[in-house]
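This report concerns only the one structure given below.
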Amino acid sequence: MESPCGEDVHMSVIRLPMLPGPEKIPWKAKVNGKEISKHIESNAILLDVLRDQVGTLGVKRGCDMGTCGCCSVLVNGKPKLSCLVLAQEVESKEITTVEGLSDGHHLHPIQEMFSEYGGSQCGFCTPGFLVVISSLLEENPTPNELEIKNAIEGNLCRCTGYQQIVDSVKAASELLVSGNKIENTTTPKSNPNPGFEN
Ligand code: FES
Ligand code: FES
Numbered sequence: 001m002e003s004p005c006g007e008d009v010h011m012s013v014i015r016l017p018m019l020p021g022p023e024k025i026p027w028k029a030k031v032n033g034k035e036i037s038k039h040i041e042s043n044a045i046l047l048d049v050l051r052d053q054v055g056t057l058g059v060k061r062g063c064d065m066g067t068c069g070c071c072s073v074l075v076n077g078k079p080k081l082s083c084l085v086l087a088q089e090v091e092s093k094e095i096t097t098v099e100g101l102s103d104g105h106h107l108h109p110i111q112e113m114f115s116e117y118g119g120s121q122c123g124f125c126t127p128g129f130l131v132v133i134s135s136l137l138e139e140n141p142t143p144n145e146l147e148i149k150n151a152i153e154g155n156l157c158r159c160t161g162y163q164q165i166v167d168s169v170k171a172a173s174e175l176l177v178s179g180n181k182i183e184n185t186t187t188p189k190s191n192p193n194p195g196f197e198n
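Using full-length UniProt numbering, the first residue of the sequence shown is number 1, and each one after it goes up by one.
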């Protein structure tokens, strides 16, 4: 073959070696109190495993880059951004999603107070707020306003304000400290995520 300037050019095709894809590995964890056993790809992100394989669709994908808090879950009681965690990293740990906050037929106090004080926002940001606040109240049942704001600083809502959320946390704190039980009950479906039998 001749190049535009008249030189002979020998074309050769360089074949790059095929890189192996991610391997399937067994994965176990306790999700919302239930032992889960799956085969996952070795590079799978926890958010994807929870949504696509476990069926906990309450875990939301917002930014997918660690900036919004929508994907927050608890790992052994501590908030983590599931979009930034490899599922492998939490092998055999306890994971709590928003679906796991209620106690049987009773909502968690922060769920109840979100409803009462208008803390609930959209379905994308609310699960992350609830999960993070439940962890705050577990560690510190009487947080002051600054502590509440610090706890939720990684949870973004770009639509509305945060005052109702702060008010909800204060009310949930009072309820927890009083030891009173919530009268309202909810009736969970036997399988809230149809199609995902674990
Ligand atoms: S989706 Fe994980 S922080 Fe936004
Ligand atoms: S992001 Fe949920 S209400 Fe704004």
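C-beta atoms are modelled at their ideal positions from N, C-alpha and C, and glycine is treated no differently.
Beta-carbon proximity check, residue i vs residue j, cutoff 7 Å
i, j, result
"residue 97", "residue 132", "no"
"residue 50", "residue 56", "yes"
"residue 101", "residue 135", "no"
"residue 59", "residue 71", "yes"
"residue 129", "residue 155", "yes"
"residue 116", "residue 182", "no"
"residue 83", "residue 64", "yes"
Proximity winner among the options, relative to residue i (alpha-carbon distances)
i, options, result
"residue 32", "122, 103, 38", "103"
"residue 142", "77, 171, 164", "171"
"residue 23", "12, 29, 40", "40"
"residue 26", "12, 42, 34, 18", "42"
"residue 151", "53, 78, 21", "78"
"residue 75", "165, 29, 110", "29"
"residue 87", "19, 54, 138", "54"
"residue 127", "165, 174, 19, 105", "165"
"residue 34", "99, 106, 173", "99"
"residue 173", "163, 38, 138", "138"
"residue 61", "125, 19, 105", "125"
"residue 108", "146, 17, 168", "168"
Whole-number beta carbon distance between residue j and residue i, since they are thought to touch under 8 Å
i, j, result
"residue 36", "residue 85", "Residue 36 to residue 85, Cβ: 15 Å. No contact."
beta-carbon residue i near ligand 4 non-hydrogen atom, thresh 6 Å
i, result
"residue 122", "For ligand 4, the structure offers nothing, since it holds only ligand 1 and ligand 2."
Exercise. Using 8 Å as the Cβ pair cut-off and three pairs as the minimum, do the region 173-180 and the region 81-100 touch?
Worked result: Contact between the region 173-180 and the region 81-100 is absent: fewer than 3 CB-CB pairs across the two stretches fall below 8 Å.
Check your understanding: Any chance the region 120-131 sits against the region 156-164, with 3 or more Cβ pairs inside 8 Å?
Key -> Cβ pair count under 8 Å is three or more, so yes.
**Report entry** beta strand (DSSP E) segments (min. 3 residues) lying fully within the UniProt domain "2Fe-2S ferredoxin-type" (23-101)
**Finding:** Complete beta strand (DSSP E) runs here, min 3: 24-31, 34-41, 72-75, 78-81, 94-96.
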